[in-house]
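Enquirer:
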Amino acid sequence: MAEPANDRWPEMVKAQPALTEEDKAPAASAKAESFAIELAGENLLLKIKREDGRVAVVELSPDMAFYLREYLSNGLATIGWIPSGS
Numbered sequence: 005m006a007e008p009a010n011d012r013w014p015e016m017v018k019a020q021p022a023l024t025e026e027d028k029a030p031a032a033s034a035k036a037e038s039f040a041i042e043l044a045g046e047n048l049l050l051k052i053k054r055e056d057g058r059v060a061v062v063e064l065s066p067d068m069a070f071y072l073r074e075y076l077s078n079g080l081a082t083i084g085w086i087p088s089g090s
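Each residue of the sequence shown is one higher than the last, beginning at 5 in the numbering used here.
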């Protein structure tokens with residue numbers, strides 16, 4: 005069984021890369037075509053296939069995977085994909 009996640013929130017927030025206006029420009033970022041998630045010991049591997057055919061693989065610790073889930077949920081709620089109160 006995995007160990008409980010450490011509360012690395014302050015460290016993670018301080019290490020976040022800034023998104024620039026250039027990053028947010030139309031067509032500046034490759035779009036994800038598909039993804040897979042697999043176990044890698046106690047961690048998770050997130051493998052993303054981009055529409056240009058390239059593949060990116062990121063290993064996530066349990067706490068980083070949890071933070072990612074929360075960020076995605078909040079982002080989806082913000083743009084209206086998750087009804088409020090769900």
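Beta carbons are placed, not taken as given, at the ideal position from N, Cα and C, and that holds for glycine.
As the structure is a prediction and not an experimental result, all values here were calculated from the model.
DSSP puts Val-17 in a beta bridge; with which residues?
Expert: Mapped onto the sequence shown, residue 17 falls at position 13. Its beta-bridge partners do not exist; DSSP assigns none.
Enquirer: When the Cα atoms are used, what is the spatial distance from Ser-77 to Asn-47?
Expert: By 1-based counting over the sequence shown, the position of residue 77 is 73. By 1-based counting over the sequence shown, the position of residue 47 is 43. Cα-Cα distance, rounded: 20 angstroms.
Enquirer: Starting from the C-beta of Ala-36, find all residues in its chain whose C-beta is less than 8 angstroms away, skip the five residues before and the five after it, and write them out in chain order.
Expert: The residue given as residue 36 occupies position 32 in the sequence shown. Ile-52, Lys-53, Arg-54 and Glu-55, listed in sequence order.
Enquirer: Assuming Val-62 and Leu-50 are in contact, meaning their beta carbons sit under 8 angstroms apart, how far apart are those beta carbons, in whole angstroms?
Expert: As a first step, residue 62 must be located in the sequence shown, where it is residue number 58. As a first step, residue 50 must be located in the sequence shown, where it is residue number 46. Yes, Val-62 and Leu-50 are in contact; Cβ-Cβ is about 5 angstroms, under 8 angstroms.
Enquirer: Given a cut-off of 8 angstroms on the beta-carbon distance, is the pair Tyr-71 and Met-16 in contact?
Expert: Within the sequence shown, numbered from 1, the residue matching residue 71 stands at position 67. Within the sequence shown, numbered from 1, the residue matching residue 16 stands at position 12. Yes, the pair counts as a contact, with Cβ atoms nearer than the cut-off.
Enquirer: Who are the near neighbours of Leu-80 in its chain, counting only those whose CB is closer than 8 angstroms to its CB and skipping five residues on each side?
Expert: For the purposes of this step, residue 80 is taken as residue 76 along the sequence shown, with counting starting at 1. Ile-86.
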